[in-house]
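Only one structure is covered here, and it is reproduced in the block below.
Numbering (the working numbering), first residue to last: 430 to 955.
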């Protein structure tokens, strides 16, 4: 009897040659590192060197997060990934009334260049690759990073890393938006143009399906909605006068890795194939680097359980293996205790060690694309691709990703998928070990890492000191220049950088833009 995949597609008990009847390996596969990149974006993949082991971290103050980053580097992390607290993500200062109770809770509080300077103190920015999970105010945090690099004497053309900068998925799944879609897309296009000239090695956007998956999207929905957003960003940049090959090689993506290993591998392979075809055929990109779908993966936090949390170590290992077999360029493995609280030093180290075991104690790095030609994986790749393309065609029929977002299409589809998962879990049809099967009567006590609530007062004190020390007239003049650029068509990042250099705060810069662009209110908020 056939089972169904996470995307609702049939999985047969046995696959044979008939599963690939009429299947052309040259068309579907190609060679590793060549169009359509089904087998990976680089010819040698991990046989040359493993993926970037990038651990997501940030909590409390910049001082505490800086200490965690140094520990991760000492333990073998090859890339940093910064988590910001909710006020920073929403463009508010730590002493704003709306920030009360959230300062430093889900990430580090960054209010100004002073905090960014502390965050990367003693970390040479020309030697690390840094990813910053920030969206609506992504341009601000990138510029603060560039300013700190300048203070270290690091030229901007030596800075490497990624800003998430994917605001469309915020309207779909997360909600940390600030401005309406149109000015948000204009800001993203300005980032593309700025980085092409000023920070050429920087990945200007990480188009994210992860958060949609965490909200309940199936694998097919995850790649369909993510790639549809990517198409919208490319169209925006082209409409702004940019040549597609000038910015497309710096686009990157961000996906989840679930425990359903076979479908996850198929999902990654299908996503590469779809994107290569879209970029070459729809947008006429000529540079092969523009066809490549390069992506970061994070293991599925939504699948971790607070019950018997040590079992999450097994889940994360399987999820990490799925990402590696699927050809990820970088990977974050969640800590086993993240369903309870922020990771402890020990659990963060264990999460990193999981990647290191995969890289150095298994044979998955010995050959490129181990599943190539597998009856089941190739069939599933085709099936996921077809399901994703059907969803993408429906979005195109609505006028593109923004129009579909405004109609609530993606959100409704994800909510239906999430409801199905919840029903299956509640009924026991979907087994979750330790939750609805193989439970224990008494859980072992666990002492989580807790954020000191005094952090909010400390950040308020730092902000008061900053405002008393800085040149207020210079800040006001720089913010006025920013508003003038926002009202017109000039690239806003140049006056924004001037304001941040003058020690304007994140909240002040975002408020200046709010005055010009307004704020987004979803239609279902009424």
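For every residue, glycine included, the Cβ atom is placed at its ideal position computed from N, Cα and C. On a predicted model such as this, the values are computed, not experimentally measured, just so you know.
Label residue i either buried or exposed according to how many other C-beta atoms from any shown protein chain fall within 10 Å of its C-beta, with 16 as the threshold for buried.
| i | result |
| --- | --- |
| residue 723 | buried |
| residue 613 | buried |
| residue 521 | buried |
| residue 766 | buried |
| residue 869 | exposed |
| residue 694 | buried |
| residue 529 | exposed |
| residue 490 | buried |
| residue 473 | exposed |
| residue 497 | buried |
| residue 587 | exposed |
| residue 933 | buried |
| residue 938 | buried |
| residue 852 | exposed |
| residue 866 | exposed |
| residue 514 | buried |
| residue 842 | buried |
| residue 764 | buried |
| residue 743 | exposed |
Leaving out five residues before and five after residue i in sequence, what residues of the same chain have Cβ atoms less than 6 Å from its Cβ?
| i | result |
| --- | --- |
| residue 734 | 768, 863 and 864 |
| residue 546 | 577 |
| residue 610 | 831 |
| residue 817 | 649, 652 and 653 |
| residue 629 | 586 |
| residue 655 | 636 and 638 |
| residue 485 | 510, 512 and 761 |
| residue 507 | 481 and 482 |
Kindly identify the DSSP beta-bridge partner or partners of residue i.
| i | result |
| --- | --- |
| residue 433 | 439 |
| residue 510 | 485 and 560 |
| residue 682 | 636 and 724 |
| residue 631 | 590 |
| residue 537 | 489 and 513 |
| residue 760 | 482 and 726 |
Closest by CA to residue i, which one among the options?
| i | options | result |
| --- | --- | --- |
| residue 519 | 840, 557 and 532 | 532 |
| residue 480 | 459, 455, 543 and 558 | 558 |
| residue 701 | 718, 840, 784 and 689 | 718 |
| residue 526 | 539, 885 and 653 | 885 |
| residue 585 | 625, 551 and 564 | 625 |
| residue 687 | 649, 745 and 634 | 745 |
| residue 434 | 925, 942, 859 and 919 | 859 |
| residue 942 | 950, 932 and 909 | 909 |
| residue 593 | 669, 571, 579 and 602 | 571 |
| residue 781 | 510, 460, 798 and 835 | 510 |
| residue 644 | 900, 848, 436 and 930 | 848 |
| residue 755 | 740, 466, 705 and 453 | 466 |
| residue 459 | 646, 622 and 801 | 801 |
| residue 872 | 825, 616, 944 and 740 | 740 |
| residue 495 | 553, 462 and 853 | 553 |
| residue 839 | 825, 850 and 851 | 825 |
| residue 373 | 936, 820 and 920 | Residue 373 lies beyond the range of the chain shown here (430 to 955); nothing can be said about it. |
| residue 783 | 771, 812, 751 and 795 | 751 |
| residue 968 | 924, 945, 787 and 947 | Residue 968 is absent from the structure shown; the chain starts at 430 and stops at 955. |
| residue 632 | 561, 583 and 698 | 561 |
| residue 928 | 812, 488, 568 and 503 | 568 |
Could you tell me whether any non-hydrogen atom of the ligand HEM is closer than 6 Å to the CB of residue i?
| i | result |
| --- | --- |
| residue 716 | The ligand HEM is not part of this structure, which contains no ligands at all. |
Between residue i and the rest of its own chain, which residues show a CB-CB distance below 7 Å, the 5 nearest in sequence each way excluded?
| i | result |
| --- | --- |
| residue 639 | 683, 684, 685 and 727 |
| residue 444 | 804, 805 and 808 |
| residue 523 | 516, 532, 538, 540, 885, 888, 889 and 892 |
| residue 657 | 821, 824 and 830 |
| residue 627 | 585 |
| residue 691 | 805, 806 and 809 |
In its own chain, which residues sit with a C-beta less than 8 Å from the C-beta of residue i, not counting the 5 before and 5 after it?
| i | result |
| --- | --- |
| residue 785 | 482 and 505 |
| residue 875 | 738, 766 and 769 |
| residue 606 | 564, 565, 596, 599, 600, 613 and 949 |
| residue 446 | 804 |
| residue 954 | Caution applies to residue 954, whose pLDDT of 46 falls short of 50 and renders its modelled position unreliable; the model cannot decide the point. |
| residue 641 | 598, 601, 602, 650, 651, 654, 655, 839 and 843 |
Are the C-beta atoms of residue i and some chain B residue less than 7 Å apart?
| i | result |
| --- | --- |
| residue 574 | Protein chain content of the structure displayed is limited to a single chain, and chain B is not contained in it. |
In chain order, what are the residue ranges of uninterrupted alpha helix (DSSP H) at least 4 long that sit wholly in the stretch 685-751?
690-706 and 717-720
Counting only runs of 4+ residues fully inside the stretch 786-828, write out the alpha helix (DSSP H) ranges in chain order.
804-826
3 or more residues per run - each beta strand (DSSP E) lying fully within the stretch 836-871:
none
Going residue by residue through the stretch 886-933, where are the continuous beta strand (DSSP E) segments of at least 3 residues, counting only ones entirely within it?
none
Quick one: complete alpha helix (DSSP H) runs, 4+ long, within the stretch 437-471?
454-457
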